[in-house]
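The structure appears below as structure tokens.
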Ligand SMILES: [Cu+2]
């Protein structure tokens with residue numbers, strides 16, 4: 001039974017190393033469709049699993065998830081979530097990048113914020 005404990009410990013380690021999941025979905029605000037959350041913060045070198053959802057009723061049957069700086073361009077159909085794992089390049093310039101929709105010019109983009117991680121609070 002000792003080996004079972006070891007296997008469980010290893011599985012836990014693997015789980016911790018999994019990419020961080022960020023859910024992005026369409027939302028109607030006033031007359032416009034937005035990608036929300038409106039701001040997503042990531043760190044250079046971080047691995048992110050985007051889960052992109054379009055569950056709005058009415059309007060367009062699909063939207064686009066377009067992040068040119070990460071070479072992402074994906075069609076997202078209603079009620080069919082798309083999953084996309086990307087690594088934020090270690091050398092990506094810190095700053096703000098649009099996450100838009102390549103199908104609809106009026107679709108309001110969200111903002112990808114690439115920033116350095118906050119210093120570990122335990123170190124202070
Ligand atoms: Cu759209």
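Numbering (the working numbering), first residue to last: 1 to 124. Cβ atoms here follow ideal geometry from the backbone N, Cα and C, with glycine treated the same way.
- Close CB contacts of residue 97 within its chain, under the 6 Å cut and outside five residues either way in sequence, are with 69 and 112 (chain order).
- In this structure, the beta-carbon distance from residue 51 to residue 21 falls below 8 Å.
- Distance between residue 19 and residue 47, taken at the CA atoms: about 5 Å.
- In the structure shown, residue 70 falls within a helical segment according to DSSP collapsed to helix, strand and coil.
- Our two residues, residue 80 and residue 53, have alpha carbons roughly 7 Å apart in a direct line.
- Taking a 10 Å sphere around the C-beta of residue 23, we find fewer than 16 other C-beta atoms and assign the residue as exposed.
- When only Cα atoms are considered, residue 75 and residue 55 end up about 14 Å apart.
- Taking non-hydrogen atoms of ligand 1 into account, the C-beta of residue 60 is found less than 7 Å away from one of them.
- DSSP places residue 50 in the strand class (E or B) of the three-state scheme.
- Taking 7 Å as the cut-off, the C-beta of residue 34 does not count as close to any heavy atom of ligand 1.
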